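**Student:** Below is a structure I'd like to ask you about.
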Amino acid sequence: MQLKFFSEPFSVCKVEDYSQVNWEQPYIFTGQTDEEKSLVCPTRCVPVNTTAREDGWSAFRIEGELDFSLIGILAKISGLLADQGISIFALSTFNTDYILIKTNQAAAAKELLKKAGYGVV
Numbered sequence: 001m002q003l004k005f006f007s008e009p010f011s012v013c014k015v016e017d018y019s020q021v022n023w024e025q026p027y028i029f030t031g032q033t034d035e036e037k038s039l040v041c042p043t044r045c046v047p048v049n050t051t052a053r054e055d056g057w058s059a060f061r062i063e064g065e066l067d068f069s070l071i072g073i074l075a076k077i078s079g080l081l082a083d084q085g086i087s088i089f090a091l092s093t094f095n096t097d098y099i100l101i102k103t104n105q106a107a108a109a110k111e112l113l114k115k116a117g118y119g120v121v
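Residue 1 is where the sequence shown starts when you use the numbering used here, and the numbers rise one by one after that.
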């Protein structure tokens, strides 16, 4: 299985609303509940109406389209990282999964994933 590593830093934010989100950016993830509006985006794209944010995230994408019937892909990767004390923030799209890791642990995560047999590009 191939994972693509993104060198661009990401931020996880809470926003007042989505009016200032630059939807033309290739990596914009949103989530809304009755309690909050969340945004994950490249750090350079964080809007000014952010009410809370955490910077310093790096991202991996599982390459290819994952069929919904596949079981345990994210669980295996997250378990492997958790066993080494590396926490994740996971995001899913229709096609695949993204795994965010604090940037200060990204090099260790890449090495660990390679040793476990994942291709990391």
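All C-beta atoms, glycine included, are put in the ideal place defined by N, C-alpha and C. Nothing here was measured: the structure is a model prediction, and the numbers come from that model.
(1) Suppose the cutoff is 6 Å on Cβ atoms and the five residues either side in sequence are ignored; what does the same chain contact list for residue 39 look like?
(2) Which one or two residues does DSSP pair with residue 90 in a beta bridge?
(3) What would DSSP say about residue 77, mapped onto helix, strand or coil?
(4) Given 8 Å as the limit, is there contact between the segment 17-25 and the segment 98-114, that is, 3 or more CB pairs closer than that?
(5) Residue 57: which of 9, 81, 83 sits nearest, CA to CA?
(6) Take residue 93 as the anchor and find which of 115, 64, 117, 83 has the nearest alpha-carbon.
(7) Given a cut-off of 7 Å on the beta-carbon distance, is the pair residue 47 and residue 20 in contact?
(8) Checking 7 Å against the spacing of the C-beta atoms, do residue 116 and residue 80 come in under that value?
(9) Just how far apart, CA to CA, sit residue 18 and residue 37?
(10) In its own chain, which residues sit with a C-beta less than 6 Å from the C-beta of residue 59, not counting the 5 before and 5 after it?
(11) Between residue 119 and residue 2, how many whole angstroms is the CB-CB distance? I'm expecting something under 8 Å.
**Tutor:** Concretely, from the data shown:
(1) 13, 15, 30
(2) 99
(3) helix
(4) no
(5) 9
(6) 64
(7) yes
(8) yes
(9) 8 Å
(10) 6, 10, 98, 100
(11) 4 Å
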